[in-house]
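A short worksheet on the structure shown next.
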Amino acid sequence: MAKQDDQFKNVISHAKEYGYIFQSSEIYDGLSAVYDYGQNGAELKKNIREYWWKSMVQMHENIVGIDAAIFMHPTTWKASGHVDAFNDPLIDNKDSKKRFRADVLIEDHAEKIYQKAQKEIEKARAKYGDAFNEEEFKATNTRVKDYLAKNREILERMARSLETENLADVKALIEELEIADPDTGSKNWTDVRQFNLMFGTKLGAEAANAMDLYLRPETAQGIFVNFLNVQKTGRMKVPFGIAQTGKAFRNEIVARQFIFRMREFEQMEMQFFVRPGEEMKYYEYWKETRLKWHLSLGLGKENYRFHDHEKLAHYANAAADIEFNFPFGFKELEGIHSRTDFDLKAHEEHSGKKLQYFDPELNENYVPYVVETSVGLDRMFLAVFSTSLKEETLEDGSTRTVLSLPAVLAPTKAAVLPLVKKDGLPDVARQIIEDLKWDFNVAYDEKDAVGRRYRRQDALGTPFCITVDHQTLEDQTVTIRHRDTMAQDRVAISELRGIINDEVSVRNWLLKMK
Ligand code: ATP
Numbered sequence: 119m120a121k122q123d124d125q126f127k128n129v130i131s132h133a134k135e136y137g138y139i140f141q142s143s144e145i146y147d148g149l150s151a152v153y154d155y156g157q158n159g160a161e162l163k164k165n166i167r168e169y170w171w172k173s174m175v176q177m178h179e180n181i182v183g184i185d186a187a188i189f190m191h192p193t194t195w196k197a198s199g200h201v202d203a204f205n206d207p208l209i210d211n212k213d214s215k216k217r218f219r220a221d222v223l224i225e226d227h228a229e230k231i232y233q234k235a236q237k238e239i240e241k242a243r244a245k246y247g248d249a250f251n252e253e254e255f256k257a258t259n260t261r262v263k264d265y266l267a268k269n270r271e272i273l274e275r276m277a278r279s280l281e282t283e284n285l286a287d288v289k290a291l292i293e294e295l296e297i298a299d300p301d302t303g304s305k306n307w308t309d310v311r312q313f314n315l316m317f318g319t320k321l322g323a324e325a326a327n328a329m330d331l332y333l334r335p336e337t338a339q340g341i342f343v344n345f346l347n348v349q350k351t352g353r354m355k356v357p358f359g360i361a362q363t364g365k366a367f368r369n370e371i372v373a374r375q376f377i378f379r380m381r382e383f384e385q386m387e388m389q390f391f392v393r394p395g396e397e398m399k400y401y402e403y404w405k406e407t408r409l410k411w412h413l414s415l416g417l418g419k420e421n422y423r424f425h426d427h428e429k430l431a432h433y434a435n436a437a438a439d440i441e442f443n444f445p446f447g448f449k450e451l452e453g454i455h456s457r458t459d460f461d462l463k464a465h466e467e468h469s470g471k472k473l474q475y476f477d478p479e480l481n482e483n484y485v486p487y488v489v490e491t492s493v494g495l496d497r498m499f500l501a502v503f504s505t506s507l508k509e510e511t512l513e514d515g516s517t518r519t520v521l522s523l524p525a526v527l528a529p530t531k532a533a534v535l536p537l538v539k540k541d542g543l544p545d546v547a548r549q550i551i552e553d554l555k556w557d558f559n560v561a562y563d564e565k566d567a568v569g570r571r572y573r574r575q576d577a578l579g580t581p582f583c584i585t586v587d588h589q590t591l592e593d594q595t596v597t598i599r600h601r602d603t604m605a606q607d608r609v610a611i612s613e614l615r616g617i618i619n620d621e622v623s624v625r626n627w628l629l630k631m632k
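Right under this line is the structure:
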């Protein structure tokens, strides 16, 4: 655990030191769970957003993108169920005065039991080698069976209690499991209460006539209320999707995990409208397709797993999360939900307007069913950033810090470095930048010895360093150094654009999804 904590601390301090993420309003001591993206963070975030957008919108003829407003008519949130049901169960520790999400305390406890089973499985795998049959082991080993059954039993009981609003039982479960405040060990808990996560605000100058609004807690509703606008003007035929990226706001009860859980964050969502009865087919399709998208970034297959929901949201008939192995363990990165016709029907009822589709093949009108994919951009950022940050020991025993970001996402694609600040080398370096900047973000760096400059670019995550030396003046060649292997090649200046493009083009990365 201590190692994990240290790793996470490194991630946070590296993100600050290299201009990726700053605490919001830092000069006023910051604002809890609100962060600003710095000069490099803004680029990385934009590149992740673009990588998502291209894979969803550009690569699918039947998906289009919109950009709806953050403010929406307040009835939207009544219809969607957020006013009545967008709550988290909170619990306070009376000794430490710290507030927790009751469901998260229980989930973390259940996860620890699950990890015990995993440990036994890994031990047996190491012992039996190729002959190991995991399924058989899970079904026959009493200790593993007990752990897994306990894990399931806890999660199922919690899901049942939350579904029936039996908050007393949620507290009873915490007490029975002897869950303690993770920081202080105290088990002195208050009752569990529900807390609505929406931020309210007012529209209009005069207090008396001002309209109560909410900052949107999800981007999805902006898509639902525009369903017919897009379908009609885009002449879209079911099945089709509407994608959107944008800010969402939630007054999270506990927000102590850096950009994993923020009060202002960004979502990348896609709602896929299908014929009623076909939703499960598309639900499976999108689960698989979204996982492929994640895997295409090369962060390691072992870092992802699916988690099917025990407790379904009020709108869903199937739901799964893609969980990622963050520095603090496996947690939700993306949700894939089969939302039925709940949202469109609710908006029909509350607005009095029909939100139906005429299916020319079936010759009938219906309210489409919806499959949603919803990923947090900031969580994606954290997944990419934390997995990429590495301390490496080199052959000569020295160490280096490298941020091996997927090249397609790196803020700066290449740094151009004159070996020395004289003999006309800086001018040649500038010319190379003049040529490359039309296609890529490139940086110039002439300060310090070239070895130190390489290290700086490694820590920044720049995939290439291009060094201009005296030979360049004679034969128009430069050395190009690869961040991950540190290999250096001598190449002609005219080849640079092609070499960089091969490694950073969205096309080449998305092709890995095939
Ligand atoms: P959690 O259970 O972690 O609170 P959720 O199930 O409420 O998440 P959804 O409503 O499914 O999340 O939202 C879709 C995605 O939006 C999540 O998978 C996550 O990536 C992102 N997200 C949700 N809440 C936050 C937050 N407070 N900060 C950053 N990202 C968030």
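Its first residue numbered 119, the sequence shown is counted upward by one per residue in our numbering.
Using N, Cα and C, we set each Cβ at its ideal position, and we do this for glycine too.
Quick one: Cα of residue i to Cα of residue j, how far?
{"i": "residue 439", "j": "residue 592", "result": "57 Å"}
{"i": "residue 227", "j": "residue 564", "result": "52 Å"}
{"i": "residue 282", "j": "residue 620", "result": "54 Å"}
{"i": "residue 378", "j": "residue 417", "result": "17 Å"}
{"i": "residue 410", "j": "residue 233", "result": "25 Å"}
{"i": "residue 507", "j": "residue 374", "result": "21 Å"}
{"i": "residue 569", "j": "residue 608", "result": "17 Å"}
{"i": "residue 305", "j": "residue 359", "result": "48 Å"}
{"i": "residue 179", "j": "residue 502", "result": "28 Å"}
{"i": "residue 294", "j": "residue 309", "result": "14 Å"}
{"i": "residue 210", "j": "residue 216", "result": "6 Å"}
{"i": "residue 586", "j": "residue 143", "result": "40 Å"}
{"i": "residue 474", "j": "residue 163", "result": "36 Å"}
{"i": "residue 364", "j": "residue 386", "result": "7 Å"}
{"i": "residue 326", "j": "residue 320", "result": "11 Å"}
{"i": "residue 197", "j": "residue 330", "result": "15 Å"}
{"i": "residue 427", "j": "residue 582", "result": "42 Å"}
{"i": "residue 519", "j": "residue 278", "result": "47 Å"}
{"i": "residue 522", "j": "residue 355", "result": "42 Å"}
{"i": "residue 430", "j": "residue 159", "result": "34 Å"}
{"i": "residue 380", "j": "residue 313", "result": "16 Å"}
{"i": "residue 181", "j": "residue 357", "result": "9 Å"}
{"i": "residue 382", "j": "residue 139", "result": "14 Å"}
{"i": "residue 199", "j": "residue 192", "result": "12 Å"}
{"i": "residue 444", "j": "residue 590", "result": "44 Å"}
{"i": "residue 245", "j": "residue 420", "result": "20 Å"}
{"i": "residue 406", "j": "residue 338", "result": "21 Å"}
Counting along the chain, where does the alpha helix (DSSP H) carrying residue i start and finish?
{"i": "residue 544", "result": "543-554"}
{"i": "residue 255", "result": "252-258"}
{"i": "residue 287", "result": "285-294"}
{"i": "residue 579", "result": "No alpha helix (DSSP H) contains residue 579, which DSSP labels as neither H nor E."}
Please report the residue range of the beta strand (DSSP E) in which residue i lies.
{"i": "residue 617", "result": "Where residue 617 is concerned, there is no enclosing beta strand (DSSP E), although the alpha helix (DSSP H) it sits in stretches over 614-622."}
{"i": "residue 137", "result": "No beta strand (DSSP E) contains residue 137, which DSSP labels as neither H nor E."}
{"i": "residue 352", "result": "Segment: none, residue 352 is in no beta strand (DSSP E) and carries neither H nor E."}
{"i": "residue 367", "result": "358-367"}
{"i": "residue 560", "result": "560-562"}
Flag residue i as yes when its Cβ comes closer than 8 Å to any non-hydrogen atom of the ligand ADP, and as no otherwise.
{"i": "residue 340", "result": "Among the ligands modelled here, namely the ligand ATP, the ligand ADP does not occur."}
Quiz item: Are three or more beta carbon pairs between the segment 460-476 and the segment 367-387 nearer than 8 Å?
Solution: Because the criterion of three Cβ pairs below 8 Å is not met, the segment 460-476 and the segment 367-387 do not touch.
Quiz item: At what residue ranges does the segment 144-226 contain a whole run of the beta strand (DSSP E), taking only runs of 3 or more?
Solution: Inside the segment 144-226, DSSP marks whole beta strand (DSSP E) runs of 3 or more residues at positions 153-155, 181-184, 205-210, 217-219, from first to last along the chain.
Exercise. Could you name each continuous alpha helix (DSSP H) segment of 4 residues or more that falls completely within the segment 490-552, going from the start of the chain to the end?
Key: You should have 495-506.
Practice problem: Report yes or no: do three or more beta-carbon pairs, one from the segment 449-458 and one from the segment 527-538, lie closer than 8 Å? | Solution: Short answer: they don't touch.
Quiz item: Between the segment 208-227 and the segment 292-300, do three or more beta carbon pairs fall short of 8 Å?
Solution: A contact exists between the segment 208-227 and the segment 292-300.
Exercise. Let me know the beta strand (DSSP E) ranges lying completely inside the segment 445-487, each 3 residues or longer, listed in chain order.
Key: Correct list: 447-458, 475-477, 482-484.
Exercise. Counting only runs of 4+ residues fully inside the segment 378-450, write out the alpha helix (DSSP H) ranges in chain order.
Key: Taken in chain order, the complete alpha helix (DSSP H) segments of 4 or more residues contained in the segment 378-450 are 397-414.
Exercise. Tell me, please, whether the segment 161-177 touches the segment 489-498 by the rule of three or more beta-carbon pairs shorter than 8 Å.
Key: Touching, yes, given that three or more Cβ pairs across the two stretches are closer than 8 Å.
Self-check item: Whole runs of the alpha helix (DSSP H) within the segment 311-349, excluding any shorter than 4 residues
Solution: For the segment 311-349, the full-length alpha helix (DSSP H) segments reaching 4 residues or more read 338-342 along the chain.
Quiz item: Within the chosen definition, does the segment 345-359 reach the segment 384-392 through at least 3 CB pairs nearer than 8 Å?
Solution: Contact holds between the segment 345-359 and the segment 384-392, because three or more Cβ pairs, one in each stretch, are under 8 Å apart.
Quiz item: Counting pairs of beta carbons, one from the segment 258-272 and one from the segment 176-194, are three or more of them closer than 8 Å?
Solution: In short, these stretches do not touch, since the Cβ pair count stays below three.
Practice problem: Could you name each continuous beta strand (DSSP E) segment of 3 residues or more that falls completely within the segment 584-609, going from the start of the chain to the end? | Solution: DSSP runs (the beta strand (DSSP E)) wholly in the segment 584-609: 595-600.
Quiz item: Counting pairs of beta carbons, one from the segment 143-154 and one from the segment 514-526, are three or more of them closer than 8 Å?
Solution: Contact annotation: the segment 143-154 does not touch the segment 514-526, with fewer than three C-beta pairs closer than 8 Å.
Exercise. Evaluate contact between the segment 401-409 and the segment 431-451, counting only Cβ atoms and requiring at least three cross-stretch pairs below 8 Å.
Key: A contact exists between the segment 401-409 and the segment 431-451.
Practice problem: Evaluate contact between the segment 610-618 and the segment 547-565, counting only Cβ atoms and requiring at least three cross-stretch pairs below 8 Å. | Solution: Yes: the two stretches touch, three or more of their Cβ pairs being nearer than 8 Å.
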